[in-house]
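Here's the structure we're looking at; comments come further down.
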Amino acid sequence: MFEKARFKLTAWYLVIIMAISLFFSFAVYTGVNTELNRLEKTHLKIQEEIKEGVVVTHDEHFIKFGKPDPEFIKESKQRLIWALGLINLAILLFSGAAGYFLAGRTLRPIKRMIDEQNRFITDASHELRTPLTALRSEIEVGLRNKNLSLNDAKKLLNSNLEEVINLQTLSDNLLELAQNGRLIDPKNFEEVSLSAIINKAVKKVEPLSLKKQIKLNIKVKDITINGIADRLIEVFVILLDNAIKYSINKGGVEIVAQKDKDQVSVSVIDHGVGIEADDLPHIFERFYRVSKSRNKSIAGYGLGLAIAKKIIDSHHATITVESIPDKGTTFKLLFRLIPHN
Ligand code: ADP
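Pasting the structure below:
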């Protein structure tokens, strides 16, 4: 498909360039032709005048240019046609090659986008299939059981509900990933209080931190940054949720914010399972989950950090990670401060 589109675009480039080139060639030919005809006519006129004795033979113009030669003028016209033909052929070949190269360059980002979209659809349907298959087989087994008691049915429905909630989270995340670029418009940025954002995020993860008895230490002074509050809250919910999920019970998680001259850094630090060096470069990729046996029991689809990175990128900020296996992980966000006039 890419090659077909590339040839089509090259053909369009060629049509436009050749139309311009042929137009100019025609203009040059007509101009030169008129001049040659005029020259021929002038010579013939002088010859006539010499014959009639109006002009003497030693007329300077005639001496200088000699006798008009119709053959020579005809040959000049033909040479001109050849020269213009060759120039056009050279332009055709050169612009064909250059057009093919440029068409490739123009279409490459579009191809990358289409490939990326196809991969996203494949990954998403793959992820959706697993919980859907589990749900389906659970329902089928339940329906086949002729002695299903009310208690069993309730248990089955509860398990189904859990799967449905997971599926809903997954579809929300997928929608978010698909729309994120469009939802964040720098025109909607406003000054937001970092401590207010972090406090709201902490509230959302509180049930999980209470369940795991993990203490959240917030060391954030009142600093303002530019952005969209709801999106930034989402980033901190993802980071805090992970910090709690991948920490051992009764541990601690710190959130530290610092302001330098022209930037604000926020670190989310945990003392949990950590991430191996081999996995670190991939954790912001969609659907990437560290395949360690102890991580497998922890629910997730590997979409949180991909979403967080998208939001952070569109805030012109950066997100980096440092981790030591079995010691802990630190995610660091860096926001540039916009100077006030
Ligand atoms: P998930 O829903 O699987 O947590 P994420 O995109 O949020 O998806 O994270 C991707 C992977 O990165 C996780 O599966 C986990 O292995 C690893 N990870 C993320 N945060 C942490 C953390 N704080 N400590 C250890 N591992 C982490």
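All you need for the numbering used here is the position in the sequence shown, starting with 1, plus 1. The beta-carbon is built from N, C-alpha and C at its ideal position, and this holds for glycine as well. A quick note: this is a predicted structure, and the numbers were derived from the prediction, not measured.
| Item | Value |
| --- | --- |
| Please work out which residues of its chain come closer than 8 Å, Cβ to Cβ, to H189, disregarding the five sequence neighbours upstream and downstream, and give them in chain order. | Rather than His, the amino acid found at residue 189 in this sequence is Asn. I229, listed in sequence order. |
| Within 10 angstroms of the Cβ of H127, are there 16 or more other Cβ atoms? Answer buried if so, exposed if not. | exposed |
| Cβ of L334 within 9 Å of Cβ of V267? | yes |
| Mind checking which residues open and close the alpha helix (DSSP H) that includes I249? | Looking at the DSSP string, I249 is not in any alpha helix (DSSP H), and its letter there is neither H nor E. |
| Would you call L195 buried or exposed, if buried means 16 or more other Cβ atoms sit within 10 Å of its Cβ? | buried |
| Roughly how many whole angstroms lie between the Cα atoms of P326 and N167? | 28 Å |
| Determine the burial state of D271: buried for a count of at least 16 other Cβ atoms within 10 Å of its Cβ, exposed for fewer. | buried |
| CB-CB under 8 Å to Q343, same chain, minus the five flanking residues each way: which ones, in chain order? | In this structure the chain extends from 2 to 342, so residue 343 is not present and cannot be described. |
| If we require 3 or more residues per run, which beta strand (DSSP E) segments fall completely within the segment 205 to 232? | 216 to 220, 225 to 228 |
| Am I right that I347 and V193 are in contact with their C-beta atoms under 8 Å? What's the rounded C-beta distance? | Because the chain spans 2 through 342 in this model, residue 347 falls outside it and cannot be assessed. |
| For K311, count neighbouring Cβ atoms within 10 angstroms of its own Cβ and tell me buried if that reaches 16, exposed if not. | buried |
| Consult DSSP for V193 and reduce its assignment to one of helix, strand or coil. | strand |
| Could you give the DSSP three-state label for S324: helix, strand or coil? | strand |
| Compare the Cα-Cα distances from K222 to each of V206, Q259, Y247 and report the closest residue. | Q259 |
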